[in-house]
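Quick note on numbering: the sequence shown equals residues 1 to 277 in full-length UniProt numbering. C-beta atoms are modelled at their ideal positions from N, C-alpha and C, and glycine is treated no differently. Just below is one structure, and these are the notes that go with it.
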Amino acid sequence: MSGVVANGVLLAAVAYTLLPALWLVMASTKNLSDLFGTNGFAPGKSFSLGSNLSHLFQAENGIYLRWMFNTIVYAGGGALIAAVVSVMAGYAFDKYDFRGKEKVFGLVLVGVMIPSTALALPTFLLASKVGLTNSFIGVFLPGLVFPFGVYLARIFSASSVPDAVLDASRVDGAGELRTFWSVSFPMLRPGFVTIVLFQFTAIWNSFFLPLVMLSDPKLYPVNLGLYVWNTTALNQGHPEDYLLAITGSLVSIVPLIILFISLQRFWRSGMTAGALD
């Protein structure tokens with residue numbers, strides 16, 4: 001009986017995950033009449049995916065491609081820098097003793113517990129004081145702060161970087177930075193990739209901060225642009241924008257899928273492989 005319940009829960013979770021994606025794929029193959037006149041989980045009668053993609057990339061002088069580029073820069077650059085900072089900070093919290101270390105780390109954990117949406121308005125108010133609203137930097141800088149990444153990095157460091165290896169490196173005359181980059185960082189690489197994936201996904205899906213920070217459509221990330229198209233379709237009588245929002249949503253998940261597939265060999269690899277002979 002317990003196995004039946006467990007399998008039922010798993011099937012419900014799979015359906016909850018896959019059915020919206022299936023609907024999105026099917027809806028992207030439809031023209032406007034098919035979208036509202038056919039079964040949601042059936043392909044369009046005219047199979048209009050090609051024309052939908054062409055319309056998407058040409059709409060408003062190719063603004064969608066600009067949104068995708070913005071999002072890749074926001075998420076890619078922010079995730080890489082945030083991951084480097086997080087790994088260095090987590091490594092320092094794990095391997096070094098300094099005054100007030102646990103209290104400072106406690107503040108990091110407080111940051112983990114605060115949802116990002118709760119920080120959007122204070123971030124906007126701070127940015128407005130220094131003139132960073134409606135700018136690339138105003139959205140990019142907050143993505144460099146990732147308290148959960150620091151926490152993960154400390155856990156990875158404690159489990160994958162033996163102190164004996166660091167002592168051997170220091171005995172050989174390597175400085176602390178050389179020890180970190182040449183000895184510790186290769187062992188932390190799976191953790192680094194995991195942190196990149198977490199932060200990349202978080203920034204890619206970030207909505208409320210760009211909503212309050214930006215007013216120039218040329219600076220929008222893709223999800224904010226899709227929201228504008230969907231709102232236009234609902235409130236301003238432009239039903240053709242539904243297809244733009246739907247097809248754009250489908251295209252916007254492709255980079256995430258590619259990223260996870262291409263990096264899975266790192267974050268699935270052994271954490272301490274090759275650390276010690």
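An exposed status is given to Ala-12, since fewer than 16 other beta-carbon atoms sit within 10 Å of its beta-carbon. A direct Cα-to-Cα measurement between Phe-93 and Phe-198 gives close to 20 Å. By the CB criterion at 8 Å, Phe-207 and Leu-188 fall outside the cutoff. Taking the Cα positions, Pro-221 is about 5 Å away from Thr-71. In this structure Arg-154 is buried. Its beta-carbon is surrounded by 16 or more other beta-carbon atoms within 10 angstroms. If the five residues before and after Val-85 are omitted, its C-beta is found closer than 7 Å to the C-beta atoms of Leu-144, all from its own chain and listed in chain order.
If one requires a minimum length of 4 residues, the alpha helix (DSSP H) runs lying completely within the region 196 to 255 are 208 to 213, 222 to 235, in chain order. For Phe-185, same chain residues with a beta-carbon under 8 Å away, outside a window of 5 residues either side, are Val-87, Phe-192 in chain order. For Gly-90, the enclosing alpha helix (DSSP H) covers residues 78 to 95.
Within a 10 Å sphere around the beta-carbon of Pro-142 sit 16 or more other beta-carbons, which makes this residue buried.
CA-CA distance, Leu-234 to Leu-53, rounds to 21 Å.
Residue burial annotation: Phe-146 is buried, with at least 16 other C-beta atoms found within 10 angstroms of its C-beta. Inclusion of Val-150 and Ala-89 in the CB contact set at 8 Å is warranted, their separation being smaller than that value.
Ranked by how close their Cα comes to the Cα of Ala-42, the residues Phe-148, His-55, Ser-28, Ala-127 have Ser-28 in first place.
Look at the beta carbons and you see the region 62 to 80 touching the region 202 to 216: at least three pairs across the two are nearer than 8 Å. Per DSSP, the continuous alpha helix (DSSP H) segment holding Leu-65 begins and ends at 63 to 72.
In the structure shown, Asp-172 adopts coil according to DSSP, grouped into three states. Taking one beta carbon from each stretch, the region 100 to 118 and the region 169 to 179 have fewer than 3 pairs nearer than 8 Å; the two do not touch.
The shortest CA-to-CA distance from Ile-137 to any of Ala-83, Met-213, Pro-115 is the one to Met-213.
With a minimum length of 4 residues, the unbroken runs of alpha helix (DSSP H) contained wholly in the region 109 to 142 fall at 116 to 129, 136 to 140.
With a cutoff of 8 Å on beta-carbon distance, Thr-194 and Leu-152 are scored as near each other. The beta carbon of Gly-37 sits closer than 8 Å to no other beta carbon from its chain once the five residues preceding and following it are set aside. Nearest to Leu-35 by alpha-carbon distance, out of Leu-209, Glu-240, Glu-60, is Glu-240.
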